[in-house]
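Presented below is the structure to which this report refers.
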Amino acid sequence: TILDAISLSYGASHPMLKGGTIISCMLESIYAHGSVFAREGAIADPSEKLRKRNFLRHLPAIELTAGIQKTYIPKQSTSYFDDGNTRSIPEMEGGRVMIQIIGGNGDESSLNSQKTDQIIVKEGIKIIADFGVSSFSSNSETNVNEFPELDIFEGSKLCTFILGTFDGCVIFHLRPQVMVEPRVSTGPNVFNPLEAYEIDFSGSSLSLRIKECSLNLGHRRVIVPTETTFAVNVIKSLVNMSFEGTTQCELSWDFQGSSPILQVTSPGNTPAQSSHEDRQQVPVLIKDLCQGRLNMEISPVGGLSFTQASTSREDKEGLYDWKFFNAIVSPDEDSPTRIRDVLYDKKTMYK
28 TILDAISLSY GASHPMLKGG TIISCMLESI YAHGSVFARE GAIADPSEKL RKRNFLRHLP
88 AIELTAGIQK TYIPKQSTSY FDDGNTRSIP EMEGGRVMIQ IIGGNGDESS LNSQKTDQII
148 VKEGIKIIAD FGVSSFSSNS ETNVNEFPEL DIFEGSKLCT FILGTFDGCV IFHLRPQVMV
208 EPRVSTGPNV FNPLEAYEID FSGSSLSLRI KECSLNLGHR RVIVPTETTF AVNVIKSLVN
268 MSFEGTTQCE LSWDFQGSSP ILQVTSPGNT PAQSSHEDRQ QVPVLIKDLC QGRLNMEISP
328 VGGLSFTQAS TSREDKEGLY DWKFFNAIVS PDEDSPTRIR DVLYDKKTMY K
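Be aware that the sequence shown starts at 28, since it is given in the numbering used here, and climbs by one per residue.
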C-alpha cells in the first residue's frame, strides 16, 4: 500500500501548566509491503496454561517493511515547544524512516526463504528501524536561576542554537532467553516472563554531524567547531525484560582538529555584539581531546567503565588513554595518580 501524504499537527496544553506545544509535520510517500503467514504447528488455545517460551513460537511469521520517504516541518507552520522553562522552535527537512519487522521466516513453511538478500530470523522477532534527517535545527531559550557569584542575574536566559544532520539504526531482537543453568534451585521458571525472553540491541548505531552550534548565557558564549561529529555504535547489548544486562558500545567524537571556544566579554554586553578587542576567548579542550574513540561498558547495575581509547596525542602516548576517563567516571586506587599526571603535564595546563 502507498499513501501520497499525511499532514499531522500535535498540540498540548493544560490550564494548570505553563507553556504549550504545537508541532506540525508533513509525511510524504508512505509505503508498506510484506507478508504474514501462520507457522506450521502454531496453536491458539485460550484454555491452555501459558508458558512464556511458547508464545513467540506460535506467533505468525512476518516479513513487513514500512517507511516514509520524506518528512519535514513546514516552514510556514508555527511549530514550537514550551514547557514553561524552555521554549524551542524546531525546523526539519529531508527526514526518512524505514521499519522492518521480521520473525519466523527461517521456517520450512516460509515461501520466501530462498531470497539471497533476505534477513533470516528463526527465533523470536526482530525490528530494524533505520532513520535519518538531512537538516534539522533548533533555536531555544531556557530560564536560568540567579547565581550572582557567577555574574548570572535574575532574568538570564541560556540561548542555544544547533544546526546539523543525524542518522541512525536501532535493532531490537526479542527472542527466547538461553538458559545455561537454572536461575533458582528448583530449576528454570518457564512461567516468569523476565526469565523467558531477552532483548538484543547489538548492531544499533547513531551519528550526529553539527554544522553550527552555539550556547549563549549573558556575557559568555561557547562556539562548537563546524562539521563536529559524534557517533555511538552498539557492539553488544543483551538485556532481559527488566532491562538488566550488559552493554558494550563504542563512542567516538571529532571536532575536526579544533576545540570548542569559550568567549567572554564584560557583564551587560554579549560576545556577538562586542568587538574582537572587547572580548576574550580560550579553547575548552586541548588538542589531544579534540578527537577520540572510547569503548564503554555498562554493567548490569549501571556502572560505567572504559576499556580502550584513541586520541591524536603523539608526544606523550597514554596520558589520555582509557585510564584517564575511568579516573573520572569510575575512580579506583590508581585514579589519583592518573589525575596528578594530568595536572603536572605542562602541555595540558598551559594549552
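A virtual CB, placed ideally from N, CA and C, is assigned to each residue, including glycine.
The model shown is predicted, which means the values in this text are computed figures rather than measured ones.
- Apart from the 5 residues on each side of it in sequence, GLU168 sits with its Cβ closer than 6 Å to the Cβ of ARG114, LYS184, CYS186 in its chain, given in chain order.
- Remark: C-beta atoms of ILE325 and THR375 do not approach each other more closely than 8 Å.
- Annotation for ILE179: no alpha helix (DSSP H) segment contains it, and DSSP assigns it neither H nor E.
- Scanning its chain for C-beta atoms nearer than 6 Å, with the 5 sequence neighbours on each side dropped, one finds around SER264 the residues PHE228, SER229, THR274, in chain order.
- Under the DSSP assignment, THR364 falls in the alpha helix (DSSP H) whose first and last residues are 362–371.
- Per DSSP, the continuous alpha helix (DSSP H) segment holding ILE355 begins and ends at 349–356.
- Contact annotation, ILE126 with ILE147: C-beta distance approximately 18 Å; criterion of less than 8 Å not satisfied.
- A contact between stretches requires three or more CB pairs, one per stretch, nearer than 8 Å, and the stretch 257–271 fails this requirement with the stretch 289–304.
- Here the alpha carbon of MET323 sits roughly 21 Å from the alpha carbon of ARG236.
- Comparing alpha-carbon positions, the option among MET43, ARG123, ILE95, ILE116 lying closest to ASN166 turns out to be ILE116.
- At a Cβ-Cβ threshold of 8 Å, ILE70 and GLY130 do not count as neighbours.
- Only residues of its own chain outside the window of five on either side were considered, and among them THR187, VAL249 have a CB closer than 6 Å to the CB of LEU242, listed in chain order.
- Taken in chain order, the complete beta strand (DSSP E) segments of 3 or more residues contained in the stretch 249–279 are 255–267.
- Cβ-Cβ distances below 6 Å link ASP110 to GLY46 in the same chain, with the five nearest sequence neighbours on each side left out; the list follows chain order.
- Straight through space, the alpha carbons of ALA354 and ARG365 are spaced by roughly 7 Å.
- When the beta-carbon positions are compared, SER56 and ILE100 stay at least 8 Å from each other.
- DSSP, read as helix, strand or coil, puts MET323 in strand.
- For MET53, the enclosing beta strand (DSSP E) stretches over residues 47–64.
- Its chain contains VAL171, ILE179, SER183, LYS184, LEU185, CYS186 as the residues whose beta carbon lies nearer than 8 Å to that of LEU244, once the 5 sequence neighbours on both sides are disregarded; these appear in chain order.
- Taking C-beta separations shorter than 6 Å and ignoring five residues to either side along the sequence, the partners of SER36 in its chain run SER51, following chain order.
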